[in-house]
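Visitor:
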Amino acid sequence: MWDLIMAPRAKQQGGRHRRRQWAAGLTLAGLTFLIQAQPVASPPPTAIEGYPTELAEALLQRKQAEDEAIKKTASPGLFSFVATNYAWPNGTKLIVAFQGGNFEIWRDIATIAGQWSSVANISFDFGLNPVARSGRTYSPGDPPSVAQVRIDLTASDARLRWSAVGRQALQPEFNQATMQLGALAQTYPLWTAEDKADVLHEFGHVLGFLHEQQRPECKAEYRLEPGPNGEPTIFDVYLRAYNAPPNWTQANLLLANSYTVSGSAHPDKRSLFLYPTPDDIVPGTINGTKGPCYVREKNKRMSAEDIKRARRDYPFKPGNAFGNFVASNIAPLKALASTQGLSAMGRLTEKLERLELAARPLVYVQVAREEDRATGEQLRRALLQNRYVAPGVEKIARKAIPPKTAEVRYFSPADQQVANDVAALATGELGATTAVPIKLVPRDTTKKQPLEIWLPAR
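Using the numbering used here, you'd call the opening residue of the sequence shown number 786 and step up by one each time.
#1: Could you pull the start and end residues of the alpha helix (DSSP H) that residue 1082 belongs to?
#2: Thinking C-alpha only, which one of 915, 914, 938, 916 is nearest residue 923?
#3: Measure the Cβ-Cβ separation of residue 1167 and residue 1239 and say whether it is below 8 angstroms.
#4: May I ask you to report which of helix, strand or coil DSSP gives residue 1107?
#5: Below 8 angstroms, how does it come out for the region 840-857 and the region 903-918: are there three or more Cβ pairs, yes or no?
#6: Taking DSSP's pairing of strands, which residues face residue 908 in a bridge?
#7: With respect to the alpha helix (DSSP H) encompassing residue 1170, which residues constitute its N-terminal and C-terminal limits?
#8: Enumerate in chain order the residues of its own chain whose CB-to-CB distance from residue 876 is below 6 angstroms, with the five nearest sequence positions on each side excluded.
#9: Looking only at its own chain, which residues have a Cβ that is under 6 angstroms from the Cβ of residue 830, when we skip the five neighbours before and after it?
#10: According to DSSP, simplified to helix, strand and coil, what is residue 1239?
#11: Please return the same chain residues whose Cβ sits closer than 6 angstroms to the Cβ of residue 962, not counting the five positions on each side in sequence.
#12: Thinking just about the alpha-carbon of each residue, which of 1045, 1136, 982 is nearest to the one in residue 1251?
#13: Residue 1122 and residue 1134: beta carbons closer than 8 angstroms?
#14: As a quick exercise: from 1058, 1093, 1006, 1111, pick the residue whose alpha carbon is nearest that of residue 1075.
#15: Would you be able to state if there are at least three C-beta pairs under 8 angstroms between the region 1151-1163 and the region 1113-1122?
#16: Locate the alpha helix (DSSP H) running through residue 971, then write down its first and last residues.
#17: What are the boundary residues of the alpha helix (DSSP H) that includes residue 1067?
#18: Based on Cα-Cα distance, which residue from 1088, 946, 1106, 864 lies nearest to residue 873?
#19: By how many angstroms is the C-alpha of residue 1067 removed from the C-alpha of residue 1142?
#20: Give me whichever residues DSSP pairs with residue 937 in a beta bridge.
#21: Among 1186, 971, 887, which one has its Cα closest to the Cα of residue 919?
#22: Who are the near neighbours of residue 978 in its chain, counting only those whose CB is closer than 6 angstroms to its CB and skipping five residues on each side?
#23: Whole angstroms is fine: what's the gap from residue 1053's alpha carbon to residue 850's?
#24: Output needed for residue 954: all residues of its chain with C-beta closer than 7 angstroms, excluding positions within five of it in sequence on either side, in chain order.
#25: Look at residue 1189 and residue 1241 and say whether their C-beta atoms are less than 8 angstroms apart.
#26: Helix, strand or coil for residue 791, going by three-state DSSP, please let me know.
#27: For my contact list, residue 1318 and residue 1000 are in at a C-beta cut-off of 8 angstroms; report their separation, rounded to the angstrom.
#28: Scan the region 972-1024 and note each continuous alpha helix (DSSP H) run of 4 residues or more that stays entirely inside, going in chain order.
#29: Going along the chain, which residues of its own chain have a beta-carbon closer than 7 angstroms to the beta-carbon of residue 1172, five neighbours each way excluded?
#30: Comparing C-alpha positions only, which one of 965, 914, 971, 990 sits nearest to residue 951?
#31: Going by the DSSP bridge assignment, what does residue 922 pair with across the sheet?
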């Protein structure tokens, strides 16, 4: 569902402290909508920010089409994993790129995001180079496969913050940024504990976390129809208190309401994903301050249940359950979706294709000589255009003897078909050279292993 934020912020400028601002907001499944009010001395602005109405409506339409298609399949149970789980494969290394910002803010964001890697079997690669003071960046014209997580720090509106949820980042609606931290970039480096908690929160969405307010008992708290004694709906509350556009409010509420969180048996009032309810919004709820999801203070760190959930979704154990599921089930699921004769099945087929993309390993291109780097970059660009995440080209001369012919080395049986496809692509790009798939034994079976394209020495 959606939840509400009230976050005091203080900023120091020129030796003087800016007066505190209180931000109230509406948070969806991975979306955060902030409504900022100035200090009491001046009237609050009427601007509400977050996903534009059109984007929220597009996401809702996609979700509804997918849900409807699943209901109409001959075996809806087969699609339950696809429909209800937003997590990445266990042991995944997510490639992260920035638009805007500088080394300092990239480094601090990476440090905060690393807290998730300390409790769960997932990691982030920001491409940081402390010596060159550089990091991985992207431009609007780059293909989405340049990085699974693309963070926009350039937004001029200093009230915007949101993130896609888990594999939702692979949807075409997120072909540009998958995370918006422009609001926080505006106040850096004067980040408060709440600012840092906001970054940690957004990276929790990257892992696939929804909000506690999306539990059924929490969603039931929000009054969608007028009460018997004329009590206002939640739509009325936002319209009156913050001049929220009716279409915007409805689109985002319906989108949030289409998701249901799983996890602990009851709402976790200590969760990083449970926001407090501002006083202005309480009248739009059924039980007010006595509701099961009402909290006054904002949580600034992971709760024990948050950590438990992260470890459940990303355990430090060997295996490739996600890849094995895709390898074993994707073909019959696609066949089932394509034979139903339903127009909505197109969206379901797209969802299955995104599942395949998530299961793909990272692809690294290895070259033996610096003179071969241009060929390696050409191959990398071809991989990106074919929706493979290929972080870079590495020189291998010092760490291994280069092969006599091009090889595509893979480490998991579930990746065999992907290795065959990459070998065919590489062969086409390299011309006379034939790339051969080679199966190797992984050193660490708890991590999702990459594919390595080794170009031959010449």
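Note that CB positions come from ideal geometry on N, CA and C, so glycine has one too.
Guide: A quick look at the data gives this:
#1: The residue given as residue 1082 occupies position 297 in the sequence shown. No alpha helix (DSSP H) holds residue 1082; DSSP gives it neither H nor E.
#2: Start at 1 with the first residue of the sequence shown, and residue 923 comes out as number 138. Residue 938 holds the alpha-carbon nearest to the alpha-carbon of residue 923 among 915, 914, 938, 916.
#3: Position 382 of the sequence shown, counted from the start, is the residue given in the question as residue 1167. Position 454 of the sequence shown, counted from the start, is the residue given in the question as residue 1239. Their beta carbons are not under 8 angstroms apart, which means residue 1167 does not touch residue 1239 by this criterion.
#4: Residue numbering aside, residue 1107 sits at position 322 when the sequence shown is read from its first letter. It is helical.
#5: No, they do not touch.
#6: Looking up residue 908 in the sequence shown gives position 123. Residue 908 is bridged to 878.
#7: Working through the sequence shown from its first residue, we reach residue 1170 at position 385. Residues 1158-1170.
#8: Translated into the one-based positions of the sequence shown, residue 876 becomes position 91. Result list for residue 876: 906, 1231, 1232, 1233, in chain order.
#9: Against the sequence shown, residue 830 aligns to sequence position 45. Confidence is the limiting factor: at residue 830 the pLDDT is only 33, short of 50, which leaves the residue's position unreliable and the question unanswerable from this model.
#10: As a working note, residue 1239 is residue 454 in the sequence shown. Reduced to three states, the DSSP call for residue 1239 is strand.
#11: Start at 1 with the first residue of the sequence shown, and residue 962 comes out as number 177. Closer than 6 angstroms at the Cβ level, and outside the excluded window around residue 962, lie 935, 937.
#12: One cannot answer for residue 1251 here, as it falls past the ends of the chain, which runs 786 to 1243.
#13: On the sequence shown, position 337 is the one that residue 1122 refers to. On the sequence shown, position 349 is the one that residue 1134 refers to. Yes, Cβ-Cβ distance for residue 1122 and residue 1134 is below 8 angstroms.
#14: What you label residue 1075 is simply residue 290 of the sequence shown in a count that begins at 1. Residue 1006 is the option with its Cα nearest to residue 1075.
#15: no
#16: For this step, residue 971 is matched to residue 186 along the sequence shown. That run of the alpha helix (DSSP H) goes 967-972.
#17: In the sequence shown, the residue the question calls residue 1067 occupies position 282. No alpha helix (DSSP H) contains residue 1067, which DSSP labels as neither H nor E.
#18: Position 88 of the sequence shown, counting from 1, holds the residue named residue 873. Looking at the Cα atoms, 1106 is the closest of the given residues.
#19: Walking along the sequence shown from the start, residue 1142 turns up at place 357. Walking along the sequence shown from the start, residue 1067 turns up at place 282. Spanning the two alpha carbons is a distance of roughly 42 angstroms.
#20: Within the sequence shown, numbered from 1, the residue matching residue 937 stands at position 152. Partner(s): 884, 965.
#21: Locating residue 919 in the sequence shown gives position 134, counting from the first residue. Answer by Cα proximity: 887.
#22: Locating residue 978 in the sequence shown gives position 193, counting from the first residue. Counting only Cβ-Cβ distances below 6 angstroms, and skipping sequence neighbours, we find 1085.
#23: Taking the first residue of the sequence shown as 1, we reach residue 1053 at position 268. Taking the first residue of the sequence shown as 1, we reach residue 850 at position 65. Going from the Cα of residue 1053 to the Cα of residue 850 covers about 31 angstroms.
#24: Taking the sequence shown and counting its residues from 1, the one referred to as residue 954 is at position 169. Result list for residue 954: 933, 934, 963, in chain order.
#25: Position 404 of the sequence shown holds residue 1189. Position 456 of the sequence shown holds residue 1241. For residue 1189 and residue 1241, yes; Cβs fall inside 8 angstroms.
#26: As a first step, residue 791 is located in the sequence shown; it is residue number 6 there, counting from the start. With a pLDDT of only 31 at residue 791, under 50, the local geometry of the prediction cannot be trusted, and no value is derived from it.
#27: Outside the displayed span of the chain (786 to 1243) sits residue 1318, for which this structure offers no information.
#28: 978-992, 1001-1004
#29: In the sequence shown, residue 1172 corresponds to position 387, counting from 1. Counting only Cβ-Cβ distances below 7 angstroms, and skipping sequence neighbours, we find 930, 1142.
#30: Translated into positions along the sequence shown, residue 951 becomes position 166. Residue 990 is the option with its Cα nearest to residue 951.
#31: Sequence index remark: in the sequence shown, residue 922 carries index 137 (1-based). Looking at the DSSP assignment, residue 922 forms a beta bridge with 883.
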